[in-house]
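J.: Please read through the structure below; I'll follow up with questions.
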């Protein structure tokens with residue numbers, strides 16, 4: 001019963017993480033940066049859970065919640081926001097089939113990960129649980145690295161926007 005309750009906290013953390021990631025992403029207008037940040041924060045969250053989650057039930061619960069928040073936050077952001085952004089991409093305009101295909105690829109990739117993850121965990125847990133957490137942290141690192149190009153593009157866009165002079169109401173009066 002205790003294990004079931006604790007695993008529920010992972011999902012509750014995931015819901016909060018998804019909401020928080022969406023809020024931060026909208027506030028900063030930075031989806032890739034937000035997704036990558038949450039993904040990278042997954043690594044210390046898993047590290048602390050593995051090394052300190054056993055101390056007591058409270059530590060386990062808090063760390064499980066935090067891990068869920070960082071693991072599922074970027075997932076929700078990527079599957080929803082990225083799909084929505086693709087709908088406005090020039091190359092997909094007027095092609096609902098192309099948009100549906102891209103959305104299916106995004107969701108399908110997540111499903112493949114959801115299928116392979118437990119399979120790998122089963123094999124790796126026979127070695128040790130430390131190896132399982134190393135695999136999970138490595139997967140988070142790889143996911144973050146795969147977002148790097150998008151992060152740099154987003155940063156470059158923000159820098160370009162900040163350098164572009166904006167017209168003000170006083171310019172219009174002159």
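In the UniProt record's numbering, the protein residues as written are 1 to 174. In this text, a Cβ means the ideal position worked out from N, Cα and C, and glycines have one as well.
(1) Please report the residue range of the alpha helix (DSSP H) in which residue 96 lies.
(2) Go through its chain and collect everything with a Cβ distance to residue 186's Cβ below 8 angstroms, but skip five positions before and after it.
(3) Check whether the region 61–74 touches the region 11–31, counting contact only when three or more Cβ pairs, one atom from each stretch, lie closer than 8 angstroms.
(4) For residue 146 and residue 4, what's the separation of their Cα atoms in angstroms?
(5) Do we get a CB-CB distance below 8 angstroms when we pair residue 144 with the residues of chain D?
(6) At what residues does the alpha helix (DSSP H) containing residue 21 begin and finish?
T.: Based on what the coordinates show:
(1) Here residue 96 is taken as the residue at index 96 of the chain shown, counted from 1. 96–125 is the extent of the alpha helix (DSSP H) around residue 96.
(2) It is not possible to answer for residue 186, since the shown part of the chain is limited to 1 through 174.
(3) yes
(4) Against the chain shown, residue 146 aligns to sequence position 146. Against the chain shown, residue 4 aligns to sequence position 4. Cα to Cα, the separation comes out at about 33 angstroms.
(5) In the structure shown, chain D cannot be found, because there is only a single protein chain.
(6) If you number the chain shown from 1, residue 21 lands on position 21. 2–28 is the span of the alpha helix (DSSP H), which, as asked, contains residue 21.
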